[in-house]
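Sequence order for the protein chains is S and F.
Each residue of the first sequence is one higher than the one before, counting from 1 in the numbering used here.
Each residue of the second sequence is one higher than the one before, counting from 384 in the numbering used here.
Input: a single structure, listed below in structure tokens.
2 protein chains.
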Amino acid sequence: MIRTLSSRIERLKASPIRDILSVAGQPGIISFAGGLPEGSTFPDVGRLTAVQSDLQYGPTEGEPRLRSCISEQLYQRGLHVEPSQVLVLSGSQQGIDLVAKLLIDVGTSVAVESPTYLAALQVFSLFGACYQSYQIDDIASIADTANPALLYSIPTFQNPSSYVYTTEQRMALAQLCDYKNTVLFEDDPYRDLAYEPCDRTPVCSFVKHTSWVYQSSFSKTIAPGLRLGYLACSKDLLPHLVKLKQAADLHSCRLSQRSVLRLLNDDTAGHRLNHLQVNYKMKRDAFNASLLRHFADIATWQVPAGGLFFWLTLRHPLSVPTTALLKPAIDAGVTFMPGEPFFADGRPCASCFRLNFSHTQHTDFDRGLALLAAVFKQYTTKY
Amino acid sequence: MIRTLSSRIERLKASPIRDILSVAGQPGIISFAGGLPEGSTFPDVGRLTAVQSDLQYGPTEGEPRLRSCISEQLYQRGLHVEPSQVLVLSGSQQGIDLVAKLLIDVGTSVAVESPTYLAALQVFSLFGACYQSYQIDDIASIADTANPALLYSIPTFQNPSSYVYTTEQRMALAQLCDYKNTVLFEDDPYRDLAYEPCDRTPVCSFVKHTSWVYQSSFSKTIAPGLRLGYLACSKDLLPHLVKLKQAADLHSCRLSQRSVLRLLNDDTAGHRLNHLQVNYKMKRDAFNASLLRHFADIATWQVPAGGLFFWLTLRHPLSVPTTALLKPAIDAGVTFMPGEPFFADGRPCASCFRLNFSHTQHTDFDRGLALLAAVFKQYTTKY
Chain S
1 MIRTLSSRIE RLKASPIRDI LSVAGQPGII SFAGGLPEGS TFPDVGRLTA VQSDLQYGPT
61 EGEPRLRSCI SEQLYQRGLH VEPSQVLVLS GSQQGIDLVA KLLIDVGTSV AVESPTYLAA
121 LQVFSLFGAC YQSYQIDDIA SIADTANPAL LYSIPTFQNP SSYVYTTEQR MALAQLCDYK
181 NTVLFEDDPY RDLAYEPCDR TPVCSFVKHT SWVYQSSFSK TIAPGLRLGY LACSKDLLPH
241 LVKLKQAADL HSCRLSQRSV LRLLNDDTAG HRLNHLQVNY KMKRDAFNAS LLRHFADIAT
301 WQVPAGGLFF WLTLRHPLSV PTTALLKPAI DAGVTFMPGE PFFADGRPCA SCFRLNFSHT
361 QHTDFDRGLA LLAAVFKQYT TKY
Chain F
384 MIRTLSSRIE RLKASPIRDI LSVAGQPGII SFAGGLPEGS TFPDVGRLTA VQSDLQYGPT
444 EGEPRLRSCI SEQLYQRGLH VEPSQVLVLS GSQQGIDLVA KLLIDVGTSV AVESPTYLAA
504 LQVFSLFGAC YQSYQIDDIA SIADTANPAL LYSIPTFQNP SSYVYTTEQR MALAQLCDYK
564 NTVLFEDDPY RDLAYEPCDR TPVCSFVKHT SWVYQSSFSK TIAPGLRLGY LACSKDLLPH
624 LVKLKQAADL HSCRLSQRSV LRLLNDDTAG HRLNHLQVNY KMKRDAFNAS LLRHFADIAT
684 WQVPAGGLFF WLTLRHPLSV PTTALLKPAI DAGVTFMPGE PFFADGRPCA SCFRLNFSHT
744 QHTDFDRGLA LLAAVFKQYT TKY
């Protein structure tokens, strides 16, 4: 019998989706639900490496050589940071936890895109955020009324919409944060999965005055099982984030850090990334062809210029949340990600859902999408 | 310029010690400060292992085979838990973060030993804990007045005191938590570093009604660089802790999990642990001999029955905190851990400090302790 849980646990939403999806991981189910990379894109496990000294405790901030390497990569992206501004993370999910701890009290105003990454909403809500949602392509909509302490954005191949901010939108977002003295938190895990030319300059590089945090991940370009990501931030925030990281897990796994450093410096790194892009672009196109076959009459979508997802909007909204279709879909042997958890305001979306194209085998696309379309068509008629 | 940080950051204490100790890690300094295992006790890095499928995302709860293996070990310790009650952690520091999130609001009453593990205090304070301190060997002292929501204890080779609860004290502590409906949080990272026979039965195994969390670590018996620990808990708490773990870092590094599982199931695991105990026991005795040579006239201590630390009490308290001696000690080429950060009530201790005997080379003990004693003697005279 539990006596008292913290008040934040009341805000830790029950996740029926999580439970259902754990069932969905079983063999025989075609899954478009998660954001899993294709396993064949991972480096050969034999190329991972560690040395004896990696077994001891290490620095909270991360391995110095890895921080330098990340700093160099960020320079190339247009974000000028010193190695001392880089904090290695145990996956970029940890960055969300640390930034939420740093900035969010109960009632703190947080601006988020609508829709946005559901696991960021989960963490922000845990700490008591009040949301100011804005349409991704309408940054001006928060310009007058809201005054958020924190703005969370995924400007490049956004999750779930795969939207890419234009250069003008990037500059406008940075200006807005400067103007309002809002901390900009830019989440950029998909940027290297680019299939079309587009501006991917970090929005943080346009910031003039305000505090900012930029984070990315090695989960999509190297391997998620290593649990490694990083953040870079304005110098005022770093000491706090280092202490919060220390309190969270002391430091990140040194085997993972050593392996990632080796793979980043590997002669074949550029080739691997190029191969990844070519492979995923082909999968995207094959997925789109199947979508056109099965969903063109009931939904609309944009072909994503990068990232891992198609975001579909039903031509006629259901009268039930798309979450209600998850169980029938699983019963039919296929999964997808309902739209509702991506919206901060909790209003039933009933018309949007996300499909991942990276994880499922190419050869299963058409069968899976046919099964899924049948479920949607059944419910479109029913409700 | 930061607009607003969360109120919890005000409670995230500045850590001059952390800054000083980062200097202290430099070559030439003899360090008795940290809790680092001796590097020669680590397994050969070549025995770490991973398979290709470990590179994909994994389950939040941890690898099923590792959870089963941990459950079996806990059965052998007297704590009867099913594999489903085990949650793999990215080091046991993460368990402290998750339990604090689960239970601590601003003003929540938390009972802690006096002294206790400083990094637990750091996290509990971050979330706003109000402390009820009790003397380790006087559990009854909290029986009447306090009514804590959470009680944090390190019953076996406590950090920093190395105290071991007797069987009676273990039972009394469990009864107290049952009586008060206080959640018992037992931290047990040192239990396998036992140099004398003593009861190490988990206190959680004596609990009848109340909720509990038991956690331990592979940092002391395998290697800290892997960042792997685990918790087991009463069934009511597990679903919450799994969700909090998911929000914190999705799951722990799978290379580390695979490697630890292999090492636990290795034929040589028992031999390794035995070797570790014999080696550390010899170091403890050599350290004690040097202590007797240099500190007998100014301090008292118990020879620890296990763990990694000597906890010394000055015969005559200083008029300054022991923290004030850290810089002079480093200037003299030696470090130690001041006593003050181990006390929840923040009152200057001025008479206690912790010395680690596991990390420093055996051959450096005598020289380091002579240098340190000289600093203490100088200040004992001065103040």
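Cβ atoms here follow ideal geometry from the backbone N, Cα and C, with glycine treated the same way.
- Using DSSP with H/G/I as helix, E/B as strand and the rest coil, what is R354 of chain S? One-based indexing of the first sequence puts residue 354 of chain S at position 354. In the structure shown, R354 of chain S sits in a strand (DSSP, three-state: E or B).
- Can you name, in chain order, every residue of its own chain whose Cβ lies under 7 Å from the Cβ of E206 of chain S, other than the five neighbours on each side? Counting from one through the first sequence, the residue named residue 206 of chain S turns up at place 206. As written in the sequence, residue 206 of chain S is Phe, which differs from the Glu given in the question. Here the set comprises R170, M171, A174.
- Kindly indicate which residue of S:G229, S:Q56, S:F124 has the alpha-carbon position closest to the one of L150 of chain S. Indexing the first sequence from 1 puts residue 150 of chain S at position 150. Nearest of S:G229, S:Q56, S:F124 to L150 of chain S, Cα basis: S:F124.
- Item | Bounding residues of the beta strand (DSSP E) (the contiguous stretch that carries A332 of chain S) | On the first sequence, position 332 is the one that residue 332 of chain S refers to. From DSSP, A332 of chain S is part of no beta strand (DSSP E) but of the alpha helix (DSSP H) over 326-332.
- Query: Got a sec: is the Cβ-Cβ distance from T604 of chain F to anything in chain S below 8 Å?
  - Reply: Translated into the one-based positions of the second sequence, residue 604 of chain F becomes position 221. Taking Cβ atoms only, chain S never reaches closer than 8 Å to T604 of chain F, which makes this a no.
- Given a threshold of 16 other Cβ atoms within 10 Å of its Cβ, counted over all protein chains shown, does R258 of chain S qualify as buried or as exposed? Indexing the first sequence from 1 puts residue 258 of chain S at position 258. R258 of chain S should be labelled buried.
- Ordered along the chain, which non-local residues of its own chain (more than five positions away) have a Cβ less than 8 Å from that of Q511 of chain F? Walking along the second sequence from the start, residue 511 of chain F turns up at place 128. A small fix is needed here, since residue 511 of chain F is Gly in this sequence, not Gln. Result list for G511 of chain F: R391, R394, I487, D488, V489, G490, T491, in chain order.
- Nearest to L472 of chain F by alpha carbon, out of F:K484, F:V464, F:T443, F:Y500? Position 89 of the second sequence, counting from 1, holds the residue named residue 472 of chain F. Of the listed residues, the one whose Cα sits closest to L472 of chain F is F:T443.
- Could you tell me whether the Cβ of H240 of chain S comes closer than 8 Å to any Cβ of chain F? Start at 1 with the first residue of the first sequence, and residue 240 of chain S comes out as number 240. It does: the Cβ of H240 of chain S has a partner Cβ on chain F nearer than 8 Å.
- Item | Below-8 Å beta-carbon distance, A652 of chain F vs any chain S residue | What you label residue 652 of chain F is simply residue 269 of the second sequence in a count that begins at 1. No, because no Cβ of chain S sits closer than 8 Å to the Cβ of A652 of chain F.
- Query: Taking Cβ-Cβ distances below 9 Å as the criterion, which residues of the segment 245-256 of chain S are in contact with chain F?
  - Reply: Going along the segment 245-256 of chain S in chain order, one finds Q246, A247, A248, D249, L250, H251, S252, C253, R254, L255, S256 with a Cβ nearer than 9 Å to chain F.
- Message: With distance defined between alpha-carbon atoms, name the residue in S:C204, S:F310, S:D297 nearest to T167 of chain S.
- Response: The residue you call residue 167 of chain S lines up with position 167 of the first sequence. Relative to T167 of chain S, the option among S:C204, S:F310, S:D297 whose CA is nearest is S:C204.
- Message: Quick check on the DSSP output: what are the complete alpha helix (DSSP H) runs of length 4 or more inside the segment 219-300 of chain S, in order along the chain?
- Response: 238-249, 254-265, 269-295
- Item | Cβ-based contacts, 8 Å cut-off: residues of the segment 421-436 of chain F near chain S | G422, F425, P426, D427, V428, L431, A433, V434, Q435, S436
- Message: Helix, strand or coil for E393 of chain F? Go by DSSP, reduced to three states.
- Response: For the purposes of this step, residue 393 of chain F is identified with residue 10 of the second sequence, where counting begins at 1. Here E393 of chain F sits in helix by DSSP.
- Message: Taking a contact to mean a Cβ-Cβ separation below 8 Å, would you say F365 of chain S touches F353 of chain S in this structure?
- Response: As a first step, residue 365 of chain S is located in the first sequence; it is residue number 365 there, counting from the start. As a first step, residue 353 of chain S is located in the first sequence; it is residue number 353 there, counting from the start. No, these two residues do not count as a Cβ contact at 8 Å.
- Message: If you reduce the DSSP assignment to three classes, tell me which class P341 of chain S lands in.
- Response: Within the first sequence, residue 341 of chain S is the residue found at index 341, counting from 1. In the structure shown, P341 of chain S falls within a helical segment according to DSSP collapsed to helix, strand and coil.
- Any C-beta of chain S sitting closer than 8 Å to the C-beta of R610 of chain F? Locating residue 610 of chain F in the second sequence gives position 227, where the first residue counts as 1. R610 of chain F counts as touching chain S.
- Which bits of chain F does Y230 of chain S rub up against, with CB to CB less than 9 Å? Reading the first sequence from its first residue, position 230 is the one you call residue 230 of chain S. The contacting residues do not exist; Y230 of chain S stays about 13 Å from chain F at best.
- Message: If I follow the unbroken beta strand (DSSP E) through F568 of chain F, where does it start and stop?
- Response: Here residue 568 of chain F is taken as the residue at index 185 of the second sequence, counted from 1. F568 of chain F -> beta strand (DSSP E) spans 566-570.
- Query: How would you write the range of the beta strand (DSSP E) that E496 of chain F sits in, first residue to last?
  - Reply: The residue given as residue 496 of chain F occupies position 113 in the second sequence. Residues 492-497.
- Item | Limits of the beta strand (DSSP E) - the one that Q518 of chain F falls within | Counted from its first residue, the second sequence places residue 518 of chain F at position 135. Where Q518 of chain F is concerned, the enclosing beta strand (DSSP E) stretches over 513-518.
- Message: Measuring straight from C-alpha to C-alpha, what distance separates T300 of chain S and C233 of chain S?
- Response: Taking the first sequence and counting its residues from 1, one reaches residue 300 of chain S at position 300. Taking the first sequence and counting its residues from 1, one reaches residue 233 of chain S at position 233. So the two alpha carbons sit approximately 38 Å from each other.
- Message: Would L355 of chain S and H294 of chain S be called neighbours here (beta carbons separated by less than 8 Å)?
- Response: Here residue 355 of chain S refers to the residue found at position 355 of the first sequence. Here residue 294 of chain S refers to the residue found at position 294 of the first sequence. No. Outside cutoff.
- Item | Distance, Y230 of chain S Cα to P64 of chain S Cα | Taking the first sequence and counting its residues from 1, the one referred to as residue 64 of chain S is at position 64. Taking the first sequence and counting its residues from 1, the one referred to as residue 230 of chain S is at position 230. Taking the straight line from one Cα to the other gives about 13 Å.
- Evaluate the contact criterion for the segment 594-607 of chain F versus the segment 560-567 of chain F: three or more CB pairs, one atom per stretch, below 8 Å. yes
- Message: Taking a contact to mean a Cβ-Cβ separation below 8 Å, would you say Y573 of chain F touches G689 of chain F in this structure?
- Response: The residue you call residue 573 of chain F lines up with position 190 of the second sequence. The residue you call residue 689 of chain F lines up with position 306 of the second sequence. For Y573 of chain F and G689 of chain F, yes; Cβs fall inside 8 Å.
- Using a beta-carbon distance below 8 Å, is D105 of chain S in contact with chain F? Taking the first residue of the first sequence as 1, we reach residue 105 of chain S at position 105. Output row for D105 of chain S: interface = yes.
- Item | Contacting positions in the segment 296-308 of chain S - beta carbon closer than 8 Å to chain F | Against chain F - using a Cβ distance shorter than 8 Å - the segment 296-308 of chain S contributes no residues.
- Item | Residues from the segment 52-84 of chain S in contact with chain F, defined by Cβ distance under 9 Å | Q52, S53, D54, L55, Q56, Y57, G58, P59, T60
- Message: I'd like the span of the alpha helix (DSSP H) that includes V471 of chain F, first residue to last.
- Response: Position 88 of the second sequence, counted from the first residue, corresponds to residue 471 of chain F. In the DSSP assignment, V471 of chain F falls outside any alpha helix (DSSP H) and within the unbroken beta strand (DSSP E) covering 469-472.
- Query: Would you call the CB atoms of Y379 of chain S and L318 of chain S closer than 8 Å?
  - Reply: Taking the first sequence and counting its residues from 1, one reaches residue 379 of chain S at position 379. Taking the first sequence and counting its residues from 1, one reaches residue 318 of chain S at position 318. Their beta carbons are under 8 Å apart, which means Y379 of chain S touches L318 of chain S by this criterion.
- Message: With a threshold of 8 Å, are at least 3 pairs of Cβ atoms found where one atom belongs to the segment 418-438 of chain F and the other to the segment 238-245 of chain S?
- Response: no
- Proximal chain F residues relative to S387 of chain S, where beta-carbon distance stays under 8 Å: As displayed, chain S neither begins before 1 nor continues past 383, which places residue 387 of chain S out of reach and without an answer.
- Task: Check whether the Cβ atoms of L314 of chain S and S351 of chain S lie closer than 8 Å to each other.
- Result: As a first step, residue 314 of chain S is located in the first sequence; it is residue number 314 there, counting from the start. As a first step, residue 351 of chain S is located in the first sequence; it is residue number 351 there, counting from the start. Yes, the Cβ-Cβ distance between L314 of chain S and S351 of chain S is below 8 Å.
- Task: Look up I29 of chain S in the DSSP assignment and say whether it is helix, strand or coil.
- Result: Taking the first residue of the first sequence as position 1, residue 29 of chain S is located at position 29. Three-state DSSP puts I29 of chain S in coil, outside helix and strand.
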